[in-house]
Each structure stands twice: as C-alpha cells, then as structure tokens.
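First the structure, in the form of structure tokens, and then the observations on it.
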Amino acid sequence: MPKLQIITSNNGKIKEFKEIFGDSKYLPVQNNIDYPEIQASSLEEVVDFGLSWLREKIEPPFVIDDSGVFIDNFDGFPGVYTRYVYDTIGLAGVLRQMEGVDNRACTFRCVLGLLTESGERQKFVGECSGTLINELRGDGGFGYDPIFIPEGFDKTFAELASEEKNSISHRGKAMRKLIDFLLQ
C-alpha cells in the first residue's frame with residue numbers, strides 16, 4: 006500500500022485522514038516537519054507557499070492542510086487567522102467576542118495541497134456551513150469542534166461520532182476529492 010505523507014503536528018487531523026482514507030489504496034502517514042505559515046489573504050496562498058517551501062525539504066508525494074472558520078458577522082474573520090486566534094484567546098475568548106452577536110453563521114473551509122511525485126501541485130477545497138453556539142459542547146474532535154453546529158444538525162462536531170462528522174466536514178469533503186484524484 007503506497008504511503009502518503011500528511012504534513013501536520015495535529016494528531017486529530019491525522020486521525021481524520023486515516024479514518025477517511027480507510028479502504029483506499031493509500032496509507033496516510035504523519036510527518037511532523039515544521040514549516041512556516043505565511044500571513045496571507047487566502048488559505049490557497051498559505052498552501053501554495055507551504056508546498057513550495059516543503060518541496061525543497063522532503064520527497065513527494067505529500068499533503069498539507071490549511072483550514073479556517075469564516076464568521077459571517079465578522080466579514081469572514083478569523084479565516085486565515087483561525088489557528089492564531091485559537092492559540093491566542095482560545096474558545097473561551099472566541100465565545101466572549103461573539104457575546105451579543107445575533108448572526109452566528111459561519112463556514113469552515115479546508116484547502117488540501119498535494120505535491121505529486123512528478124512535482125505537480127493540486128488543491129482540493131471542502132466547505133461546511135453552520136453556526137457557532139455560545140457554549141462548549143461535546144468532547145470529541147479538536148479545535149473549534151465544541152462550538153460549531155453544522156447546518157441540518159443539532160449537535161456540535163465534538164458531539165458527533167467521528168464517522169458522521171467526517172461525512173459532512175470541510176476536511177472530509179476535501180479529502181474525498183483528494184482520494185478521487187489519487188485513484189484516477
């Protein structure tokens with residue numbers, strides 16, 4: 006079974022990759038190499054920079070991921086700064102910023118970047134819309150999962166079984182596009 010390097014230090018992401026890749030003919034393996042994440046205006050720019058920087062450091066094929074939550078009421082913020090906001094103020098801080106906000110709609114977006122063995126770059130995008138709630142619920146998942154309810158559900162990502170979350174999540178959608186590409 007061919008291995009596909011997933012460049013991440015996030016064990017939650019690698020768990021999702023392994024679950025979603027399941028019976029595909031590829032085995033996702035974690036590579037915890039650190040690489041700079043530039044400040045940019047889009048997830049795609051961050052991914053492009055990461056692919057270019059890593060190209061000189063490791064053998065392809067490999068995949069990198071940049072994801073963010075885009076809150077409607079805040080004109081898409083934190084977006085590309087999602088991880089920074091999480092690391093700086095945490096979910097409690099995010100909830101404080103959302104106090105008194107009626108429009109809690111948001112979209113989670115994931116961009117997966119693949120560098121193939123031949124040096125070709127591919128990007129795969131997945132989105133999941135929903136609502137940020139005003140409390141933490143559930144103990145599954147990671148990141149913003151305890152405060153995000155996807156459209157059509159009454160549970161947070163952190164309350165959903167991983168199989169159910171992966172079937173609708175932004176990262177799950179992007180991964181299925183990646184798998185389809187790899188199997189062509």
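For the record, in the sequence shown the residue sitting at position 90 is 95 according to our numbering, with numbers rising by one throughout.
Ideal Cβ positions, reconstructed from N, Cα and C, are used throughout, including at glycine.
Sequence-distant residues of its chain with Cβ nearer than 6 angstroms to residue i (five each side left out)
i	result
THR87	GLY73 and VAL74
ARG108	According to the sequence displayed, residue 108 carries Asn and not Arg. The residues are ASP77 and ASN78.
GLY177	ILE25 and ASN171
PHE113	VAL74, CYS133 and HIS175
PRO7	TYR31
GLY17	PHE147
Nearest neighbour of residue i, chosen from the options [CA to CA]
i	options	result
GLU49	PHE129, ILE38 and VAL90	PHE129
PHE12	LYS62, ASN37, LEU117 and VAL51	Going by the sequence as given, residue 12 is Ile instead of Phe. With distances taken between Cα atoms, ILE12 lies closest to ASN37.
GLN189	SER29, LYS18 and GLY17	SER29
SER47	LEU117, GLU122, PHE186 and ILE154	LEU117
PHE147	ALA179, GLY95, ASN139 and CYS111	GLY95
ASP144	THR136, ALA163, GLY135 and PHE158	ALA163
SER167	PHE67, ILE69, THR93 and ASP150	ASP150
ILE154	GLU140, ASN139 and GLY135	GLY135
ASN15	GLY131, ILE138, TRP58 and ILE69	ILE69
Buried/exposed call for residue i, threshold 16 Cβ in 10 Å
i	result
ARG101	exposed
PRO33	buried
PHE186	exposed
ASP39	exposed
GLY157	exposed
Continuous alpha helix (DSSP H) stretch holding residue i: start and end
i	result
PHE26	16-26
LEU183	175-188
THR112	No alpha helix (DSSP H) contains THR112, which is instead part of the beta strand (DSSP E) from 110-120.
LEU100	87-103
VAL51	48-60
Length of the line joining the Cα atoms of residue i and residue j
i	j	result
PRO83	PHE26	29 angstroms
ARG142	LEU183	30 angstroms
GLY105	GLN127	41 angstroms
GLN10	CYS115	18 angstroms
GLY55	ARG181	21 angstroms
ALA193	THR161	Absent from the model: residue 193. The displayed extent of the chain is 6 to 189, so no value can be given.
GLU122	ILE63	11 angstroms
ASP159	GLY124	43 angstroms
ASP80	ASP92	21 angstroms
SER57	PRO66	13 angstroms
GLU169	ASP53	30 angstroms
Beta-carbon proximity list for residue i, same chain, < 8 angstroms, skipping 5 on both sides
i	result
GLY98	VAL90
ILE19	ILE11, THR13, PRO33 and GLN35
Residue i: CB within 7 angstroms of a non-hydrogen atom of the ligand ATP
i	result
ARG126	What this structure holds is no ligand at all, so the ligand ATP is not there to describe.
Other residues of its chain near residue i: CB distance less than 7 angstroms, five sequence neighbours each side excluded
i	result
VAL51	GLU42, ILE43, ALA45, ASP71 and VAL85
ARG60	LEU120
LYS23	PRO33
MET103	ARG109, LEU137 and ASN139
ILE173	CYS133 and PRO155
N- and C-terminal bounds of the beta strand (DSSP E) containing residue i
i	result
ASP70	67-76
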